[in-house]
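Protein sequences appear in the order of chains U and H. In this text, residue positions in the first sequence follow this note's numbering: the first is 1, and each later residue adds one. In this text, residue positions in the second sequence follow this note's numbering: the first is 125, and each later residue adds one. Cβ coordinates follow ideal geometry from the N, Cα and C atoms, glycine included. I have placed the structure first, in the form of C-alpha cells, so that the comments after it can refer back to it.
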Amino acid sequence: MDSFDQKLSKNDGMTDSALLGSDPEFDTWLSRQLQFDEPYLDDDGFCEQVMAKLPAPSKRSEKRATRMQYAAVVAASAIVAWQFPFGEVLNEAVRQSVSLYSLVGAGLLASLAAMTGGILAARR
Amino acid sequence: MDLNDEELIRRIVEDGDQRAYAQLVRRYQSQLRFSLRQLCDGDQGLADDMAQEAFIKAYKALPAFRGDARFSTWLYRIAYNLVMSHKRKNAPEVNQELVDRAQAEESVEESQQLGMARDLHSAMEELSEAQRQAVHLCMQRGFSHEEAASIMKLPLGTVKSHVNRARAKLQSLLQAWREEVVSG
C-alpha cells in the first residue's frame, strides 16, 4: 500500500491535462465539506472595536443627510397642509362660535408640534 | 431590515451612515477572520488584528470603491495585502507561544470532530500554501477564479492550476470518504 507521502509525490507528477479533467460532483462534495467544517466566529466585541476606531464621517455627508431629512419633513408637511380641509374647519368653527384667534393659535401649535416630531424622528 | 451590500455602501458614502458599515462588518467578520486565521498559521490574535485593520482601511477607502468587483472580493484583497505585507515585514518574529497555544486548542477541538473533518483538515495541510488559499477562496468562499486571482495577486492561469492540482490531490486523499458517503 502506498504511504501518504508516496501518494502525494505521485499526484505531483500528474500532467496538467490530467488535472484539468474536473469532477463537478467531487467539487460540490468538497465545497460542502469545507463549509460544513467551518465554525461561525462570534462577534465577541469585534464589530464594536472596529466601529470605535473608524474616523468620523465627513461633515459634507452629514450636512447632505440633514438637508435631505429636512426636505423630507417639509415635503410631508406640505402634503398634509394641501390635503387638510381648512375651509371646512373654519366654517365649522365660525358656526360653532369659536374665536378665530384661538383657532389660528391651535392650528399653529399643532403644526409646530407635528414638524418638531417629524424632524426629531427623521434625525433619529 | 437586511439591505444588500450596494445599498449599504451607498448609505455610508453618501450619508456618512456608520450604522450601515456596522452591518457590513457583522456580515463579513466571521468569514474574514476565519480565512485570515488560516493565512496567519493559526495565530488568532494576529488574524483578528489584521481583520480589524482591513475593515478600517476598507472604510477609509470606500469612497474610491467603484463597484467593479463585489465588496467581499475587494475586502479580501485588502486583508490579504495586509497579511502578506505583515508577513514580509515580520517573518522572523512569529510568536511561537501564541501559535502553539492556538494549535493546541485546535487539536483539542479536532479530537472531538468527526473523522471526515479531521481527514479533510489533514489533507488540506498537505497542500502548498498557495494551493490551500486558492481552494479556500474558490471552493469554500465561492469566489470565481478571476476573483481569487485578483485577491491573491496572481495570474489567472496560476490560480486555475493551483485549484486543479489541489483538487486532484484532495480527490485522491479523500476518495475513501467519498466512496463511503456514496455507498451509504
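Please confirm if Met240/H has its CB atom under 8 Å from at least one CB of chain B.
-> The displayed structure is made up of protein chains U and H, and chain B is not among them.
Cβ-Cβ separation, Val50/U to Val149/H (assumed contact under 8 Å), whole Å | Along the second sequence, read from residue 1 onward, the residue named residue 149/H stands at position 25. Along the first sequence, read from residue 1 onward, the residue named residue 50/U stands at position 50. So it is a contact: roughly 5 Å between Cβ atoms.
For my contact list, Gln155/H and Arg265/H are in at a C-beta cut-off of 8 Å; report their separation, rounded to the angstrom.
-> Stepping through the second sequence from its first residue, residue 155/H is reached at position 31. Stepping through the second sequence from its first residue, residue 265/H is reached at position 141. Sure, about 7 Å apart at Cβ, within 8 Å.
Just the C-alpha distance for Asp43/U and Gln153/H, rounded to the nearest angstrom, thanks.
-> Taking the first residue of the first sequence as position 1, residue 43/U is located at position 43. Taking the first residue of the second sequence as position 1, residue 153/H is located at position 29. Computed Cα separation, rounded: 7 Å.
In this structure, does DSSP put Lys277/H in helix, strand or coil?
-> If you number the second sequence from 1, residue 277/H lands on position 153. It is coil, neither helix nor strand.
Phe267/H versus Ala144/H - alpha carbon distance | For the purposes of this step, residue 267/H is taken as the residue at position 143 of the second sequence. For the purposes of this step, residue 144/H is taken as the residue at position 20 of the second sequence. Roughly 24 Å between the two C-alpha positions.
Please check if any C-beta of chain H sits within less than 8 Å of the C-beta of Leu120/U.
-> Translated into the one-based positions of the first sequence, residue 120/U becomes position 120. Output row for Leu120/U: interface = no.
Kindly list, in the order they appear in chain U, the residues whose Cβ is closer than 7 Å to that of Ala146/H.
-> Position 22 of the second sequence holds residue 146/H. In chain order: Cys47, Met51.
For Asn128/H, which of helix, strand or coil comes out of DSSP?
-> Taking the first residue of the second sequence as position 1, residue 128/H is located at position 4. Asn128/H falls in the coil class under three-state DSSP.
Name the two residues that bound the continuous alpha helix (DSSP H) containing Asn205/H.
-> By one-based count along the second sequence, residue 205/H stands at place 81. First-last of the alpha helix (DSSP H) with Asn205/H: 195-213.
Using a threshold of 8 Å, state whether the C-beta atoms of Ala171/H and Ile202/H are closer than that.
-> Here residue 171/H corresponds to residue number 47 of the second sequence, with the count starting at 1. Here residue 202/H corresponds to residue number 78 of the second sequence, with the count starting at 1. No.
Taking 8 Å as the cut-off, decide whether the C-beta atoms of Val287/H and Ala258/H are in contact.
-> Within the second sequence, numbered from 1, the residue matching residue 287/H stands at position 163. Within the second sequence, numbered from 1, the residue matching residue 258/H stands at position 134. Yes; because the gap between Cβ atoms is below 8 Å, this pair is in contact.
Check Cys47/U in the structure and name its three-state DSSP category.
-> Here residue 47/U is taken as the residue at index 47 of the first sequence, counted from 1. The answer is helix: DSSP assigns Cys47/U an H, G or I state.
Buried or exposed by the 16-neighbour rule on C-beta atoms within 10 Å, applied to Arg291/H = Counted from its first residue, the second sequence places residue 291/H at position 167. Flag for Arg291/H reads buried.
Could you pull the start and end residues of the alpha helix (DSSP H) that Leu148/H belongs to?
-> Your numbering for residue 148/H matches position 24 in the second sequence. From DSSP, the alpha helix (DSSP H) with Leu148/H extends over 142-163.
Chain H contact for Tyr70/U (CB, 8 Å cutoff) | Start at 1 with the first residue of the first sequence, and residue 70/U comes out as number 70. With 8 Å as the cut-off, Tyr70/U does not count as an interface residue toward chain H.
Helix, strand or coil for Gly107/U, going by three-state DSSP, please let me know.
-> Walking along the first sequence from the start, residue 107/U turns up at place 107. Of the three classes helix, strand and coil, the one that applies to Gly107/U here is helix, per DSSP.
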